[in-house]
Every structure is written in C-alpha cells, then in structure tokens.
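Participant:
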Amino acid sequence: MAFPVLYIPHGGGPLPVLGDARHKNMTAFLRDVAKELPEPSAILVVSAHWEESQPTITSARQPELIYDYYNFPPESYELKYPAPGNPSLARETHRLIEASGVKAKLDDARGFDHGLFIPLLLMYPQAKIPCLQLSLLRSLDPAQHIALGKAIAALRDQNVLIVGSGMSFHNLREFFVTSEKSNEACNQFDSWLRETCGESKLSVADREKRLIEWEKAPAARFCHPREEHLLPLHVCYGAASAKTPVARVAFNGDVMGKTVTALAW
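Going by the working numbering, the sequence shown runs without a break in its numbering and finishes at 782.
(1) Where do the N-terminal and C-terminal ends of the alpha helix (DSSP H) with Leu710 fall, by residue?
(2) In terms of residue numbering, what span does the alpha helix (DSSP H) encompassing Asp723 cover?
(3) Would you decide whether Glu744 is buried or exposed? Buried here means 16 or more other CB atoms lie within 10 Å of its CB.
(4) Does the distance from the C-beta atom of Pro531 to that of Met543 stay below 8 Å?
(5) Where do the ends of the alpha helix (DSSP H) carrying His660 lie?
(6) Helix, strand or coil, according to DSSP, for Glu595 in the structure here?
(7) What separation, rounded to the nearest whole angstrom, lies between the Cα atoms of Ala756 and Ser558?
(8) Keeping to the same chain, check which residues put their C-beta closer than 7 Å to that of Val721; ignore five residues upstream and five downstream.
(9) Smallest Cα separation from Pro555: which of Lys775, Ile679, Asn704 and Arg738?
(10) Give the DSSP-derived three-state secondary structure of Arg765 in the structure shown.
(11) Which partner residues does Leu532 have in the DSSP bridge list?
(12) Could you please give the first and the last residue of the uninterrupted alpha helix (DSSP H) stretch that includes Asp549?
(13) Just confirm the distance between the C-beta atoms of Val563 and Ser682, as a whole number of angstroms; I'd bet it's less than 8 Å.
(14) Could you give the DSSP three-state label for Ser570: helix, strand or coil?
(15) Compare the C-alpha of Arg690 against each of Thr573, Ile663, Met773 and His566 and name the closest.
(16) Quick check: Leu633 and Gln650, are their CB atoms within less than 8 Å of each other?
(17) Could you have a look at Lys622 and say whether DSSP puts it in helix, strand or coil?
(18) If I measure Cβ to Cβ from Ile583 and keep anything under 7 Å in the same chain, skipping five residues before and after, which residues do I get?
(19) Near Arg738, which residues of its chain fall below 7 Å by C-beta distance, leaving aside the five closest residues on each side in sequence?
(20) Would you call the CB atoms of Gln571 and Ala621 closer than 8 Å?
(21) What's the C-alpha gap between Glu595 and Gln643?
(22) Starting from the Cα of Val619, find the closest Cα among His566, Ile669 and Phe546 and give me that residue.
(23) Counting along the chain, where does the alpha helix (DSSP H) carrying Pro604 start and finish?
(24) Please state whether DSSP places Val752 in a helix, a strand or coil.
Dropping the structure here:
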C-alpha cells in the first residue's frame, strides 16, 4: 500500500512553535496528524521557501537549519531540529526525476528551511526520522510541478512521507484584514480547492486541468498573489494521482483569521 501524501500549512514563520494563539488550531492538527500515520522511513518535504531553476534535492548527511524569517523573538533563532539527512534517498530521488526526462541537482550544502523544521517540530519532535527537501521550480509552472510529483511517486512504495509545506491561503497583507470581502474571497477559493482535490466524481483529467488552470478559480490571485505557497500541493497531487487521486480534507480551520486547508492522499 502506498504511503500517504500530505499538503500542510506551516503558518507564519516560527509562530506555530512559539505558542501563538492565532495558530492554535493548526498547531493541534500538526501535533495530531503524525499519530494517525504509520512510521515513515524518511520524510521528503517540498517547501514553499526554496526555488531553483531545476529540481534540487538536499543531500547532506546532517543539514543545518536556515532561519529564513525576520524580526521574530530571539528564541526563534535558537530552535533546533537535528534530524539526519538521507544522501542515498536524495540520490534515488535525483534518479527518479532524471528518469522522467528532467534534469535535477543534488545540493550537499543547503540546510532545512522553516518550511520543514517548523511543522516537523510539531509532527515529529524527536527529530529522528531522516529528512530531505526538494525545491520548487522558479518557473512556477503548475504543470511542471504536477509532473515533478509524478516523477517521485515511487517513493511512496518505500514508506517515504511526501509533505508539501505551504499555505492554501497566502496573501500576507490580508492576514491582518478581517473584512467580510476578504474573508469571503478566502472562503471561495478554499471551497474550490477542496472540491478540486476531494470531489470523487471528478475525473483525473478534469482534476489535473483545474489544478493547472488554478488561476481561473474564484479569488485565485487574491488568495495567492504569488503561488509559491500553493505549488507544493501540485507536487503532492502529482505524487498521489496514480494510486490515490482523491484527497481527504485533513484540516480546515482558522489560521491568523483566514480559513486554511490541509489535504491528505
């Protein structure tokens, strides 16, 4: 049986692990979701905070942390997540991507950004499971990201947990707006997203077409002025589509005043 795939929100910088009240629902979800899963042999995270011209995989044995957030309390920069890397899995991921006809790279210098270590501090706080990151593509092309997910789908058969770490709503200015118009736009896109990924009556072709043409969704560009926090979902869908194309809603709740969704395949 193929291992689950998750698209999760990682919240605002380090706030989820600092006890921020606006993240309490999301924090509770992340703490609980890992308990529902079998133990993975490794975790591959596609983070919204890493883009390269071609797919790139962390390959260090012991990656350091990248504190890629700013103006947070001093303790934010003292967080630790000493999970080991997995060079052999990195090479296998590289091989799978290149076998799909796409050139890929290994990077033994890059560390783990907060798109990995913030949610995993909540999900797997022991930091014992080997981890690696896979970059997004600077093209931000949705079809390319679905294809990238399809290329690495075989990792599910090796008990690798594939995690897309982003946010289903990511308009930073609007997180601080509580107007009815702002919330309605967020909810319209959220409903479209849940329907697109979770409606069992949709064909695989129609589901993929909707994800590729996501900009046609209600309030799409309002919710994602730039799509880097949505595209990890496309990689997840690609990885899941052959065996489990219909997602279930794993979380749908308030994060910083906006409705945010997590999906599981």
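We put the beta carbon where it would ideally sit given N, CA and C, even for glycine.
Facilitator: Once the coordinates are examined:
(1) Taking the sequence shown and counting its residues from 1, the one referred to as residue 710 is at position 193. Taken as a continuous stretch (DSSP letters only), the alpha helix (DSSP H) holding Leu710 covers Glu697 to Gly715.
(2) Position 206 of the sequence shown holds residue 723. That run of the alpha helix (DSSP H) goes Val721 to Ile729.
(3) Translated into positions along the sequence shown, residue 744 becomes position 227. Classification for Glu744: buried.
(4) In the sequence shown, residue 531 corresponds to position 14, counting from 1. In the sequence shown, residue 543 corresponds to position 26, counting from 1. Going by C-beta atoms, Pro531 is not nearer than 8 Å to Met543.
(5) Residue 660 sits at position 143 when you count from the first residue of the sequence shown. The residue you asked about is not His; residue 660 is Ala in the sequence shown. Here the alpha helix (DSSP H) through Ala660 covers Pro659 to Ala668.
(6) Sequence index remark: in the sequence shown, residue 595 carries index 78 (1-based). Looking at Glu595 - three-state DSSP - the assignment turns out to be coil, as it is neither helix nor strand.
(7) Locating residue 756 in the sequence shown gives position 239, where the first residue counts as 1. Locating residue 558 in the sequence shown gives position 41, where the first residue counts as 1. When rounded, the distance between both Cα atoms is 17 Å.
(8) Indexing the sequence shown from 1 puts residue 721 at position 204. So the list reads Ser758 and Pro762, once near-sequence residues are dropped.
(9) Counted from its first residue, the sequence shown places residue 555 at position 38. For the residues Lys775, Ile679, Asn704 and Arg738, the minimum Cα distance to Pro555 belongs to Ile679.
(10) Within the sequence shown, the letter at position 248 stands for residue 765. Strand at Arg765.
(11) For the purposes of this step, residue 532 is identified with residue 15 of the sequence shown, where counting begins at 1. None; Leu532 has no bridge partner.
(12) If you number the sequence shown from 1, residue 549 lands on position 32. DSSP places Asp549 inside the alpha helix (DSSP H), whose first and last residues are Lys541 to Val550.
(13) The residue labelled residue 563 in the question sits at position 46 within the sequence shown. The residue labelled residue 682 in the question sits at position 165 within the sequence shown. Between Ser682 and Val563 the Cβ distance is about 7 Å, and since that is below 8 Å, they are a contact.
(14) Taking the first residue of the sequence shown as position 1, residue 570 is located at position 53. Coil at Ser570, not helix or strand.
(15) Indexing the sequence shown from 1 puts residue 690 at position 173. Looking at the Cα atoms, Met773 is the closest of the given residues.
(16) Locating residue 633 in the sequence shown gives position 116, where the first residue counts as 1. Locating residue 650 in the sequence shown gives position 133, where the first residue counts as 1. Going by C-beta atoms, Leu633 is nearer than 8 Å to Gln650.
(17) Counted from its first residue, the sequence shown places residue 622 at position 105. Residue state, collapsed to three classes: strand.
(18) Numbered from 1 along the sequence shown, position 66 holds the residue referred to as residue 583. Closer than 7 Å at the Cβ level, and outside the excluded window around Ile583, lie Gly628, Phe629 and Asp630.
(19) Sequence index remark: in the sequence shown, residue 738 carries index 221 (1-based). For Arg738, the CB contacts under 7 Å within the same chain, skipping 5 residues up- and downstream, are Glu732 in chain order.
(20) Counting from 1 along the sequence shown, the entry for residue 571 is found at position 54. Counting from 1 along the sequence shown, the entry for residue 621 is found at position 104. Against a cut-off of 8 Å, the Cβ pair of Ala621 and Gln571 comes out as a contact.
(21) The sequence position of residue 595 within the sequence shown is 78, counting from 1. The sequence position of residue 643 within the sequence shown is 126, counting from 1. Answer to the nearest angstrom: the Cα atoms are 16 Å apart.
(22) Along the sequence shown, read from residue 1 onward, the residue named residue 619 stands at position 102. Of the listed residues, the one whose Cα sits closest to Val619 is Ile669.
(23) As a first step, residue 604 is located in the sequence shown; it is residue number 87 there, counting from the start. Where Pro604 is concerned, the enclosing alpha helix (DSSP H) stretches over Pro604 to Ala616.
(24) By one-based count along the sequence shown, residue 752 stands at place 235. Note: Val752 maps to helix in three-state DSSP.
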